[in-house]
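Residue numbers (the working numbering): 369 to 568. Virtual Cβ for every residue (Gly too), placed ideally from N, Cα, C. Reading through the structure tokens given below for one structure.
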């Protein structure tokens, strides 16, 4: 679960564990959302790490959070998606909205990571690339850059295949904006339904 989130597994460069600890604290406060991550293109534990990456992108620009230059070489599909999110006008609206509270950003990141997890699964199944899904589910996904040369080679090949499949969809169908909006709407509904009290 969320305990697997570490700075080392993040795709974004962090100089310390401050934001990791903040994310884990939020996760521990809201156990009602722990079952949101499901098995998809990756395992639920890895969905938590994906949620952390998205949550980092939703933090104020003052944090100056940058991509990990080394990891861009290995996780090409993830960085394409993260960049699409970062540049999406609805994502920017959520990030910069003055009345949105930290808790809602956390829940939004969690629902969006799961939506992307299932969307990628559906896309690969439609392209008859279930083999990639099977391999990813067997991997410790966000540690693949540390594996053997052969494991890394196969992982990078799978990444290239995913990029080739998703790029036309992202470009033509604007699929990610729909996922962003739907995830935020779901998060807002659940946030209100659970009567979460937010301290001012």
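Residue environment analysis places residue 488 among the buried positions, since at least 16 neighbouring C-beta atoms fall within 10 angstroms of its C-beta. By alpha-carbon distance to residue 411, the top candidate from 536, 382, 381, 510 is 510. Here residue 453 is not near residue 462, since their CB atoms are 8 Å or more apart. Spatial neighbours of residue 456 in its own chain (CB-CB distance under 8 Å, excluding positions within 5 residues in sequence) are listed in chain order as 544, 545, 548.
Residue 561 and residue 483 have their C-alpha atoms some 20 Å from each other. Sorting 517, 421, 521, 490 by C-alpha distance to the C-alpha of residue 477 places 421 at the top. Between residue 377 and residue 529, the alpha-carbon positions lie close to 22 Å from each other. The C-alpha of residue 425 lies about 22 Å from the C-alpha of residue 403.
Rounded to whole angstroms, the gap between the alpha carbons of residue 369 and residue 474 is 15 Å.
Non-local C-beta neighbours of residue 501 in its own chain, meaning closer than 7 Å and more than five positions away in sequence, comprise 409, 489, 492, ordered along the chain.
Put simply, of 525, 514, 395, 535 the residue whose alpha carbon is nearest the alpha carbon of residue 423 is 395. Contact between the stretch 426–434 and the stretch 512–522 is absent: fewer than 3 CB-CB pairs across the two stretches fall below 8 Å.
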